[in-house]
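Working notes, structure below.
Protein chains: 2
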Amino acid sequence: MSVAYDVLNDDDTYHHGNLRDELIAAAVDVIGREGVAALSLRALARDLDVSHSAPTRHFKNKADLLSAIMEEAYEDMLTTTVDAGYLAGDNPAHRLRAMARACMRWHVDNRALSEVIRNPDVSRTAGRNVKEVLAAFYIHSSRAILGAQGQSRNPDRPVEFVYLNMIVSVVGAASVLTDPVYVETLPALDADELIDDMVDHLFPLKD
Amino acid sequence: MSVAYDVLNDDDTYHHGNLRDELIAAAVDVIGREGVAALSLRALARDLDVSHSAPTRHFKNKADLLSAIMEEAYEDMLTTTVDAGYLAGDNPAHRLRAMARACMRWHVDNRALSEVIRNPDVSRTAGRNVKEVLAAFYIHSSRAILGAQGQSRNPDRPVEFVYLNMIVSVVGAASVLTDPVYVETLPALDADELIDDMVDHLFPLKD
DNA sequence: AGTTAATGTGGATACTGACAACATGCTATG
DNA sequence: CATAGCATGTTGTCAGTATCCACATTAACT
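Line by line, the protein sequences are chains B and S.
456 is the number of the first residue of the first sequence in our numbering; add one for each residue after it.
456 is the number of the first residue of the second sequence in our numbering; add one for each residue after it.
Below you can see the structure in the form of structure tokens.
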């Protein structure tokens, strides 16, 4: 260091050390509090005490940062719901219900990430990774659906439609449950009750 | 006009005449092609051959413009689905199904408007009008639901949950059917088929 | 030690949103 | 018909931002 008396921050290194991950974390924080539109690369750099163009080394531009967040989010969502399926035991119907519930809960519990992956301006720039994760999601889900169909009240419904209906319900629930307009408009909206009701209706058990 | 030979544009008036509506139309056009993020007040002004701050007279800022679009969109959505209900005849179950279908179709047919009303950054600034429209929507829908419950396979399901499930399905279908990631990932996705299937499952008829 | 790639800095440019002061045309009222 | 008031549009300006570039510092590897 050229300055001899660097007393105030002696552990200050030129390299930040973990800028990429901290950028993502800070971005998710901002998005959760103020929304995607309020995201600013310069503001992020300021928060992390780093020059205004340091983020460029890790993310080509803002869309690139959001893409990275979207990728991590999709992976997290996938593992969370697949894990929940395995934890639910061997009964296929129960497993499927657990997956749907977990996926909805993930969206509610990860508002910021959910907002990112549901943002058309972000998903427009989705790369191959994201599509592979979604393909894997389809594999896992359709397997669970096929296993559960025998116990369902709608055994003849095509798998693709059941899958799509599940995705639609998950995404829609995420939208409605996190949208201030709906939350303020609707009568006494309890997320868990709604999720249970929707899962019951999506995958009704015979007994 | 101070310039005597104003040959090129003799019908050019100082006042644009209909700037507000054309701003909205141009904005919806841009959003439909490039998304909400690509919207720029200055670009809109350029497109309409108007000074860069002329839009300020009609919309205090960008959020204000988007709010106005959202209001019009919600009203249009409401009237479209309510009208479809009345056109469907007297059978309550058929009426409800027609409303759900029309609402989903509205979203698919009005991608740009749907994208606006589903954008959290926009709905965060929603005014009282929007909430009143949604309240009216709830009134209309719950009336239809109550009428249809006797014919449904789930007569005991609470009205609020049926309504919420309908909203969730509509919003979710809009998200999935317009999201490039899902459209490219999913196997042969036909919007009309999916809508029919989901409505059938949402409001099953006895016969 | 010396080379090289990765990472961070500072400056320059262009675009954007927002504001303020001014210009213009419409309209109502005397 | 004059003129005052108002709605609308214009020009000028400023701060914040994204993005690109040349350069500095560090780490890693030979």
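Even for Gly, the Cβ is constructed at its ideal location relative to N, Cα and C.
On a predicted model such as this, the values are computed, not experimentally measured, just so you know.
Taking only the alpha-carbon atoms, compute the straight-line gap between residue i and residue j and give it to the nearest angstrom.
{"i": "S/Asn574", "j": "B/Ala523", "result": "20 Å"}
{"i": "B/Glu615", "j": "B/Val654", "result": "17 Å"}
{"i": "B/Gln606", "j": "B/Tyr541", "result": "18 Å"}
{"i": "S/His513", "j": "S/Ala480", "result": "14 Å"}
{"i": "S/Ile650", "j": "B/Leu644", "result": "25 Å"}
{"i": "S/Leu657", "j": "S/Met621", "result": "7 Å"}
{"i": "S/Met559", "j": "S/Asn516", "result": "30 Å"}
{"i": "S/Leu494", "j": "S/Ser506", "result": "17 Å"}
{"i": "B/Arg579", "j": "B/Pro659", "result": "35 Å"}
{"i": "B/Asp504", "j": "S/Asp564", "result": "46 Å"}
{"i": "B/Leu568", "j": "B/Ala646", "result": "18 Å"}
{"i": "B/Asp531", "j": "B/Asp502", "result": "26 Å"}
{"i": "B/Val577", "j": "B/Ser597", "result": "26 Å"}
{"i": "B/Tyr637", "j": "S/Ala518", "result": "19 Å"}
{"i": "B/Leu613", "j": "B/Gly602", "result": "Strictly speaking, residue 613 of chain B in this sequence is Pro, with Leu absent from that position. The straight-line gap from Cα to Cα measures roughly 13 Å."}
{"i": "S/Val617", "j": "B/Thr468", "result": "58 Å"}
{"i": "S/Lys478", "j": "S/Leu632", "result": "Rather than Lys, the amino acid found at residue 478 of chain S in this sequence is Leu. Each residue's Cα considered, the two are about 27 Å apart."}
{"i": "S/Tyr529", "j": "S/Val625", "result": "13 Å"}
{"i": "B/Arg550", "j": "B/Leu533", "result": "15 Å"}
{"i": "B/Gly472", "j": "B/Ala500", "result": "14 Å"}
{"i": "S/Met713", "j": "B/Pro642", "result": "Chain S is shown from 456 up to 662; residue 713 of chain S falls before or after that span and cannot be answered."}
{"i": "B/Leu521", "j": "B/Asp484", "result": "13 Å"}
{"i": "S/Thr445", "j": "B/Thr536", "result": "Nothing about residue 445 of chain S can be reported from this structure: the residues present for chain S run from 456 to 662 only."}
{"i": "S/Leu619", "j": "B/Asp652", "result": "10 Å"}
{"i": "B/Ala629", "j": "B/Pro610", "result": "27 Å"}
Classify residue i as helix, strand or coil using the three-state DSSP reduction.
{"i": "B/Leu660", "result": "strand"}
{"i": "S/Tyr460", "result": "Any reading at S/Tyr460 needs caution, since the residue's pLDDT is 35, under 50, leaving its predicted position unreliable; the model's value is listed next. Coil."}
{"i": "S/Leu641", "result": "coil"}
{"i": "B/Ala543", "result": "coil"}
Mind pulling the alpha helix (DSSP H) runs of 4 or more residues that sit fully within the region 466-536 of chain S? 474-489 and 496-502
Those runs of the alpha helix (DSSP H) which lie wholly inside the region 564-637 of chain B and span at least 4 residues: 566-572, 575-578, 583-604 and 614-633
Should the region 563-578 of chain S be called in touch with the region 525-534 of chain S, which here means at least 3 C-beta pairs below 8 Å? yes
Taking Cβ-Cβ distances below 8 Å as the criterion, which residues of the region 592-610 of chain B are in contact with chain S? Tyr593 and Asn609
Beta carbons nearer than 9 Å to chain B: which residues of the region 624-641 of chain S have them? Ser624, Val625, Val626, Gly627, Ala628, Ala629, Ser630, Val631, Leu632, Thr633, Asp634, Pro635, Val636, Tyr637, Glu639, Thr640 and Leu641
Output, in sequence order along the chain, the residues in the region 544-569 of chain S whose CB is closer than 7 Å to any CB in chain B. none
Chain S contacts from the region 478-497 of chain B (Cβ-Cβ distance under 7 Å): Gly490, Val491 and Ala492
At a CB distance below 7 Å, what residues from the region 568-592 of chain S approach chain B? Give them in sequence order. Glu570, Arg573, Pro575, Asp576, Ser578, Arg579, Ala581, Val585, Lys586, Leu589 and Ala590
Evaluate the contact criterion for the region 590-599 of chain B versus the region 587-606 of chain S: three or more CB pairs, one atom per stretch, below 8 Å. no
Could you run through the region 519-543 of chain B and flag, in chain order, every residue whose CB is less than 8 Å away from some CB of chain S? none
Given a limit of 7 Å on CB to CB distance, which residues of the region 647-662 of chain S reach chain B? Leu649, Asp652, Met653 and His656
Check whether the region 533-547 of chain B touches the region 497-511 of chain B, taking contact to mean three or more Cβ pairs, one atom from each stretch, closer than 8 Å. no
Can you list, in chain order, the residues of the region 613-624 of chain B whose Cβ is nearer than 7 Å to any Cβ on chain S? Glu615, Phe616, Leu619, Asn620, Ile622, Val623 and Ser624
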